[in-house]
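Data block below; observations after.
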Amino acid sequence: MFVLGTAYYPDYLPDEVLAKTPDGQTRRITWQNRISEDFKRMRTCGISAVRMGEFSWSTVEPQPGRINFARFRYALDHASVNDIKVIFCTPTATPPKWLVDKYPDILPITREGRKIPFGSRRHYDFCHPMYLAESRRITSAFAQDVGNHPAVIGWQIDNEFGCHGSAYSFTEHARVAFRKWLLDRYKADIEALNRDWFTAFWSQRYNTFEQIELPLASWADQNPHMELDFRRFSTDKVAAFQHDQVEILRRLSPNRFITHNFMTLFSDVCAWRLSEELDIVGFDHYQMETEPHPTSSHWQFALMRSLKRQLFFVLEQQPLQVNWQATNRRYAYDWLFLWGIQAALLGSAAMYYFSWQRFPGGAEQYHDAILPHDIRVSESWQERVLKAKRQLFDLLAQQFGVTLAEPMTVEDDVLCIYDFESVWSHDIAAQSAEYSTRRQVDFVAALCQSSGLGLSFARTISDAAEILPHYKCLVLPGYAFEFTAEERQLLQQFVNAGGSVISLPRTGMKKRNNQMSEQPLTIFDANDFYFEDFGALLSDEKEPFKAGAQTFEGTTWAEKIKIVNENWKPLAQFTSGLYRGFPAVIQNASFANQGRYTHLCACPPSDVAFISWLIATTGLLPRVKTNKNLHVYPVQAGQHRMLAALNFTDVEQELQALGQNAVRKFTTATLDPHQKLKVVSSNGTAPAAIIKVAPRAVCLIEL
Ligand code: GAL
1 MFVLGTAYYP DYLPDEVLAK TPDGQTRRIT WQNRISEDFK RMRTCGISAV
51 RMGEFSWSTV EPQPGRINFA RFRYALDHAS VNDIKVIFCT PTATPPKWLV
101 DKYPDILPIT REGRKIPFGS RRHYDFCHPM YLAESRRITS AFAQDVGNHP
151 AVIGWQIDNE FGCHGSAYSF TEHARVAFRK WLLDRYKADI EALNRDWFTA
201 FWSQRYNTFE QIELPLASWA DQNPHMELDF RRFSTDKVAA FQHDQVEILR
251 RLSPNRFITH NFMTLFSDVC AWRLSEELDI VGFDHYQMET EPHPTSSHWQ
301 FALMRSLKRQ LFFVLEQQPL QVNWQATNRR YAYDWLFLWG IQAALLGSAA
351 MYYFSWQRFP GGAEQYHDAI LPHDIRVSES WQERVLKAKR QLFDLLAQQF
401 GVTLAEPMTV EDDVLCIYDF ESVWSHDIAA QSAEYSTRRQ VDFVAALCQS
451 SGLGLSFART ISDAAEILPH YKCLVLPGYA FEFTAEERQL LQQFVNAGGS
501 VISLPRTGMK KRNNQMSEQP LTIFDANDFY FEDFGALLSD EKEPFKAGAQ
551 TFEGTTWAEK IKIVNENWKP LAQFTSGLYR GFPAVIQNAS FANQGRYTHL
601 CACPPSDVAF ISWLIATTGL LPRVKTNKNL HVYPVQAGQH RMLAALNFTD
651 VEQELQALGQ NAVRKFTTAT LDPHQKLKVV SSNGTAPAAI IKVAPRAVCL
701 IEL
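Heads up: the sequence shown is residues 1 to 703, going by the working numbering.
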């Protein structure tokens with residue numbers, strides 16, 4: 001069953017509050033009352049799991065060595081009584097003041113040389129040996145004290161590695177560690193480093209590894225090759241920090257899963273790398289945009305499912321208002337409903353809301369939660385949404401005989417390469433403030449959801465070697481690096497077997513050391529084509545191109561490619577602008593089994609007309625016809641083949657199932673204005689296979 005949960009903070013509860021009851025009496029509410037009432041109330045709205053403890057260090061150990069878990073034990077006992085399962089967290093994201101006073105140089109230093117003070121969170125340096133020792137000590141204490149409590153089913157390590165820019169620290173300990181890391185990477189060969197870092201440029205040659213500093217903020221750009229190595233080094237340090245805790249937890253708190261809550265609002269640490277040691281991937285789902293961006297959520301959920309190729313947990317769901325944007329606007333309540341369903345359909349097995357009750361104080365006092373500040377509210381709108389969600393899951397189980405999430409899996413059609421090193425490479429030498437890998441992946445997600453194709457991810461082409469044959473299409477969304485010989489061979493095999501590859505601009509332009517390639521985008525043969533020019537477009541600059549009778553507009557980045565090998569055909573041409581007359585899309589379709597490789601020479605528009613043209617031209621078979629405002633995901637539960645359609649807009653949308661996909665039955669549900677579940681249509685038959693999906697509704701369709 002899909003698990004509903006919440007972050008819960010027994011450590012934040014005031015010792016007691018005095019409240020007036022309706023009959024005019026004064027009631028003392030102690031923290032003990034609150035805990036037992038909270039767990040009962042959670043049960044009534046379908047919550048069966050909590051996550052606790054991630055910022056609790058100074059509560060548990062107020063003085064060095066004086067450890068007191070009384071409050072948490074009380075909470076764990078009450079969780080057990082109410083059959084609520086607990087993910088406990090290690091508290092290392094917030095070292096207490098006494099510890100910072102004891103070791104002041106555990107505080108991190110920013111790129112600008114500013115010491116991060118005590119008073120917020122993530123104020124520690126991954127490279128500090130004493131902090132590593134303290135992290136091991138407190139993890140052992142937590143594991144020993146609560147790690148064998150029957151309510152505890154799993155552990156979360158720390159909290160959001162890298163959040164607030166904290167993956168990169170510029171301390172003395174980091175400098176020493178970075179030098180050692182470089183010594184290993186370059187096998188003590190300083191000339192190899194000089195070559196890779198292109199140090200002749202601006203007279204940066206090094207004679208020894210001891211001369212190397214950290215990439216601090218400088219007048220102009222720092223060395224981009226050094227910066228890429230520094231980011232690799234930083235992920236290694238975070239991984240080592242995590243490893244210490246994993247090892248202790250496995251030993252002292254056996255038979256519990258271990259997770260971490262990844263963030264995708266930033267990409268400073270490589271989540272592929274960190275997830276290797278974890279049992280389950282955790283994800284904190286928040287939105288940066290003023291208007292929610294469900295397409296971006298789509299691929300972020302899919303990326304999380306791909307990290308370990310299994311179901312994941314949403315460990316924090318934005319509940320909806322936050323406190324960290326310039327203006328923390330209110331959102332329509334149905335977003336909470338829709339996001340929960342979207343996550344479940346895309347492979348999340350649990351959703352923990354952040355958090356149970358709005359905090360009375362602290363930096364997040366305005367942040368939303370399941371319960372409002374006002375203790376008189378007997379049922380909050382979020383509680384009603386949770387109940388509606390639970391009811392929907394029960395209804396779907398009844399009508400379709402399937403339970404969300406297990407064993408629901410998403411059919412995989414399109415495999416997209418998402419390599420953090422590639423993202424870093426583009427960020428470091430950006431050339432365009434308009435360009436981001438995220439936006440390219442938004443396009444890939446839009447393509448999939450408007451055609452009913454499943455989306456998943458792999459780190460690199462060679463990492464995908466085993467799974468690639470199961471896919472119909474591989475997408476390189478501006479994957480920065482040259483293909484290795486092995487990768488070229490894999491691509492060749494894939495297209496020969498009938499696969500379709502689509503690459504977006506900026507693919508294959510760099511070497512792994514972040515230098516420019518001399519033979520960019522060599523796919524099959526170095527002499528197939530060459531690049532005469534490429535570059536950035538302004539935000540309002542468009543590069544129109546013609547494909548058959550249709551005209552589309554390229555954006556953001558364009559490439560001027562000269563074809564040499566006639567197996568490559570121009571499928572579309574720039575009609576004006578600097579690259580007029582040059583191909584806007586090139587394709588090689590000279591392979592067995594109708595396989596083909598298609599490269600887009602400008603960042604594509606994400607309108608449905610272009611997506612349909614691209615799908616047709618690349619030989620992909622869409623499952624549905626719809627517009628991009630409807631998200632259609634293929635889902636599979638046991639023997640059931642289904643489509644799920646989510647309408648995030650305020651107007652009714654339509655979809656038509658294509659090909660062999662006859663609709664057998666469908667159910668559409670939404671929230672009414674009081675956040676109660678409203679079934680719009682159910683078990684209907686679908687004339688001419690056209691299904692109308694009501695505004696802000698989810699529709700499950702059995703094929
Ligand atoms: C998350 C963080 C939580 C809370 C939340 C506020 O990034 O893990 O502790 O701060 O943001 O939106």
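Note that the Cβ used here is the ideal one computed from N, Cα and C, for glycine as well.
This one's a predicted model, so the numbers in the text were calculated from it and none came from an experiment.
The nearest non-hydrogen atom of ligand 1 is 7 angstroms or more from the C-beta of Asn683. For Thr575, the three-state secondary structure derived from DSSP is coil. Taking every residue with its beta carbon within less than 5 angstroms of a heavy atom belonging to ligand 1 gives, in chain order, Glu160, Val322. DSSP, reduced to helix, strand and coil, places Lys180 within a helical segment of the structure shown. Per DSSP, the beta bridge partners of Ile47 are Leu4. Selection Ala7, Pro10, Ser682, Leu671 evaluated against Ile341 yields Leu671 as nearest (Cα-Cα). Secondary structure of Val377 (DSSP, three-state): coil. Per the C-alpha coordinates, the member of Cys89, Arg205, Ser169, Ala458 positioned closest to Asn261 is Cys89. Within the region 325-372, the runs of alpha helix (DSSP H) that reach at least 4 residues and sit entirely inside it are, in chain order, 334-345. Apart from the 5 residues on each side of it in sequence, Leu265 sits with its Cβ closer than 7 angstroms to the Cβ of Tyr286, Met288 in its chain, given in chain order. With distances taken between CA atoms, Ser590 lies nearest to Ser500 out of Pro673, Ser500, Trp356. Residue burial annotation: Val238 is buried, with at least 16 other C-beta atoms found within 10 angstroms of its C-beta.
For Pro108, the CB contacts under 6 angstroms within the same chain, skipping 5 residues up- and downstream, are Ile116, Asp125, Ser169 in chain order. Of the residues assessed, Thr30 falls on the exposed side of the cut-off, its CB having fewer than 16 other CB atoms within 10 angstroms.
Counting only residues of its own chain and dropping the five nearest sequence neighbours on each side, Gln391 has a CB closer than 8 angstroms to the CB of Leu677.
When the beta-carbon positions are compared, Ile212 and Arg185 stay at least 8 angstroms from each other. Between Gln449 and Thr667, the beta carbon gap of about 20 angstroms keeps them out of contact (Cβ cut-off 8 angstroms). With a cutoff of 8 angstroms on beta-carbon distance, Arg51 and Ile87 are scored as near each other.
Proximity of the region 233-250 to the region 121-141 meets the contact definition, three or more beta-carbon pairs being nearer than 8 angstroms.
Per DSSP, Glu227 is one residue of the alpha helix (DSSP H) stretching across 224-252. Cα atoms of Trp202 and Phe534: separation of roughly 25 angstroms, rounded to the nearest angstrom. Between Ile138 and Trp57 a beta carbon distance of about 6 angstroms is seen, short of the 8 angstroms cut, so the two are scored as contacting. If the five residues before and after Arg256 are omitted, its C-beta is found closer than 8 angstroms to the C-beta atoms of Gly147, Val152, Ile153, Gly154, Trp155, Leu249, all from its own chain and listed in chain order.
Sequence-distant Cβ neighbours of Val444 in its own chain, meaning closer than 6 angstroms and more than five residues away, are Cys416, Val475, Pro477. A distance of 8 angstroms or more separates the beta carbons of Ile611 and Ile586. Nearest C-alpha to Lys85 among Pro95, Pro150, Val60: Pro150. Annotation for Pro634: the continuous beta strand (DSSP E) segment containing it runs 630-637.
Excluding sequence positions up to five before and after Gly452, its CB lies within less than 7 angstroms of the CB of Pro622, Arg623, Val624, Val632, Pro634, Leu643, all in the same chain and listed in chain order. Distance from Asn588 to Arg596 at the Cβ level is roughly 6 angstroms; contact confirmed, criterion being Cβ atoms closer than 8 angstroms.
Here Gln63 is not near Glu411, since their CB atoms are 8 angstroms or more apart. Under the three-pair Cβ rule at 8 angstroms, the region 465-473 does not count as touching the region 427-442. Per DSSP, the unbroken alpha helix (DSSP H) holding Cys448 starts and ends at 437-451.
DSSP lists no bridge partner for Thr92. Taken in chain order, the whole alpha helix (DSSP H) runs of length 4 or more contained in the region 187-227 are 190-196. Contact annotation: Leu504 and Leu578 have beta-carbon atoms that are not nearer than 8 angstroms.
Taking C-beta atoms as the reference points, Ala7 and Trp356 count as a pair closer than 8 angstroms.
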